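Some notes on the structure that comes next.
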Amino acid sequence: MFKEAKEIVEKSNKIYIVAHINPDGDAIGSTFAVYFALKKMNKDVHVVMPSYSTVFEFLPGVQTSINSIEDEEYDLLIALDSSDVTRLAISEDEYKRAKKVIMLDHHQISAPYGDFRYINDNKSSASEIAYLFIKYLGAKIDKDIATLLYTGIMTDTGSFNYSNANADTFRAVAELLECGAEAVSVCKKLNDTMKESKLKLIAKTVDNMEVYFDGKLRFSYVSYKEISELGINDEDSEGMTNYLRAVEGTEVAVYVRGKSDGSLKVSMRSGGRIDTSKIAIAFGGGGHPRASGYTMKEDIETEKEKLIRAVGEMI
Ligand code: AMP
Ligand code: MN
Ligand code: MN
-3 MFKEAKEIVE KSNKIYIVAH INPDGDAIGS TFAVYFALKK MNKDVHVVMP SYSTVFEFLP
57 GVQTSINSIE DEEYDLLIAL DSSDVTRLAI SEDEYKRAKK VIMLDHHQIS APYGDFRYIN
117 DNKSSASEIA YLFIKYLGAK IDKDIATLLY TGIMTDTGSF NYSNANADTF RAVAELLECG
177 AEAVSVCKKL NDTMKESKLK LIAKTVDNME VYFDGKLRFS YVSYKEISEL GINDEDSEGM
237 TNYLRAVEGT EVAVYVRGKS DGSLKVSMRS GGRIDTSKIA IAFGGGGHPR ASGYTMKEDI
297 ETEKEKLIRA VGEMI
């Protein structure tokens, strides 16, 4: 399955690894796991990750990431967890300087790019694919790699609660635990610890909540001004949508946050019946049926109305 990709890796020395912008646990877990595996294979390898939430700083390797690719040419780019070349955390120019590109992804809707592509939406996460890839390369899964892969699978499956966590996923996780994955401390740090400012952001999100269609749609917009007043940066201002979705009767939850660059980031979650990725795609974004997103193009009031109408048509 990864035969051609393995050949490309074997022929390459200077390798960069990249995931999507605004990296989540899966983007971070999969990239640094592959990073450590390639280091074991004596490759000259770096992860390019210009920004990430401080909550992930404890993970092995994260602090070694670099902001950009300086080389005029390099052998290989490995792109993980990004369905679309435009969402990668590097510029078009940095992308073009790669002699070869390997794309590993698990999104349902994707715009394939690169020389070798493995896209499988039956896999829970890019980290589950990275686990298979690393084994195929023949690199040993040590404690750090296991912890990273575990983190990616845990975060993308909602701590093994979502339907994307299947029997293969649990078998992979069992092996990662045998390899020494620090499951308890990952859970403690990511699921059971938050800054006080985050708790205040939850309060703000609830305060700003608007309810439509008899509670089937819950919408909350938190402006950049409100977010910055709480002392929260862009990376730490996400993760609010699930609180809205968890309210009984909710079919679609939408959290919109203002970002420091002036843009408005939409984050949608579905209770299961409605495929929110259809809405996200219609507005220029993407994602999965139960978790999707896009960036608003006009002002919040205009965009909100369009979104409520689109959701209404599906409810
Ligand atoms: P988020 O709500 O930011 O966690 O995003 C949920 C999912 O939606 C992500 O895993 C992506 O697959 C997808 N997504 C979010 N924003 C965008 C976007 N601007 N373009 C394409 N896909 C997106
Ligand atoms: Mn991701
Ligand atoms: Mn993912």
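So the sequence shown is residues -3 to 311, counted in the numbering used here.
A virtual CB, placed ideally from N, CA and C, is assigned to each residue, including glycine.
Predicted model only: the values in this text are computed from it and were never measured.
In whole angstroms, what is the alpha-carbon distance linking residue i and residue j?
i, j, result
"R83", "I296", "22 Å"
"S256", "D230", "7 Å"
"V44", "F54", "17 Å"
"I11", "L72", "5 Å"
"E192", "P56", "25 Å"
"I275", "D20", "22 Å"
"M150", "F156", "6 Å"
"T27", "A122", "9 Å"
"Y239", "E178", "27 Å"
"T60", "A33", "15 Å"
"E68", "I86", "14 Å"
"L186", "V180", "10 Å"
"K35", "V14", "15 Å"
"Y146", "I125", "12 Å"
"K139", "G176", "5 Å"
"A170", "K131", "15 Å"
"V5", "A278", "37 Å"
"D80", "S106", "6 Å"
So if DSSP puts residue i in a beta bridge, which residue, or which two residues, is it bridged to?
i, result
"F112", "I98"
"E206", "F215"
"K10", "D40"
"G289", "S263, G282"
"Y70", "A94"
"L303", "Answer is none; L303 lacks a bridge partner."
Compare the C-alpha of residue i against each of the options and name the closest.
i, options, result
"V41", "I62, P56, T50", "I62"
"S8", "K95, E68, A33, P285", "K95"
"S120", "E3, D111, Y158, V248", "Y158"
"T153", "I98, L195, D89, H102", "H102"
"T246", "D20, R265, F52, F156", "R265"
"R253", "S219, G282, Y146, Q59", "S219"
"Y48", "I223, V180, G25, E178", "G25"
"E294", "V169, P56, G258, D67", "G258"
"Y109", "A168, I198, A75, F279", "A75"
"Q104", "G268, K221, A287", "A287"
"F112", "H16, V14, E3, R305", "E3"
"K196", "D164, I223, I115", "I223"
"G280", "G268, R269, I270, L303", "L303"
"F129", "L100, V207, E244", "L100"
"V58", "E206, A168, V30, A306", "V30"
"A23", "F209, G148, I65, I228", "G148"
"K184", "N18, F52, H16, R269", "F52"
"Y290", "I270, V262, Y251", "V262"
"T272", "A163, I65, E309", "E309"
Mark residue i as exposed unless 16 or more other C-beta atoms lie within 10 angstroms of its C-beta, in which case mark it buried.
i, result
"T189", "exposed"
"E331", "Residue 331 falls outside the range modelled here, since the chain spans only -3 to 311, and no answer is possible."
"T298", "exposed"
"M236", "buried"
"T50", "exposed"
"M(-3)", "exposed"
"L173", "exposed"
"A330", "The chain is shown only over -3 to 311; residue 330 falls outside these bounds and no answer can be derived."
"E301", "exposed"
"N160", "buried"
"I311", "exposed"
"I198", "exposed"
"K200", "buried"
"R214", "buried"
"D77", "buried"
"R312", "This structure cannot speak to residue 312, because the chain is shown only from -3 to 311."
"S64", "exposed"
"S163", "Looking at the sequence itself, residue 163 is Ala, so the reference to Ser does not match. Exposed: under 16 other Cβ atoms inside 10 Å."
Check whether chain C comes within 7 Å of residue i, counting only Cβ atoms and requiring the distance to be less than that.
i, result
"F(-2)", "No chain C is part of this structure, which consists of one protein chain only."
_Whole runs of the alpha helix (DSSP H) within the segment 110 to 198, excluding any shorter than 4 residues_ = 122 to 133, 139 to 152, 163 to 174, 179 to 187
_Contiguous alpha helix (DSSP H) assignments of at least 4 residues, all confined to the segment 16 to 56_ = 21 to 36
*Starting from the N-terminal side, write out each stretch of the beta strand (DSSP E) that is 3 residues or longer and does not extend beyond the segment 225 to 266.*
248 to 254, 260 to 266
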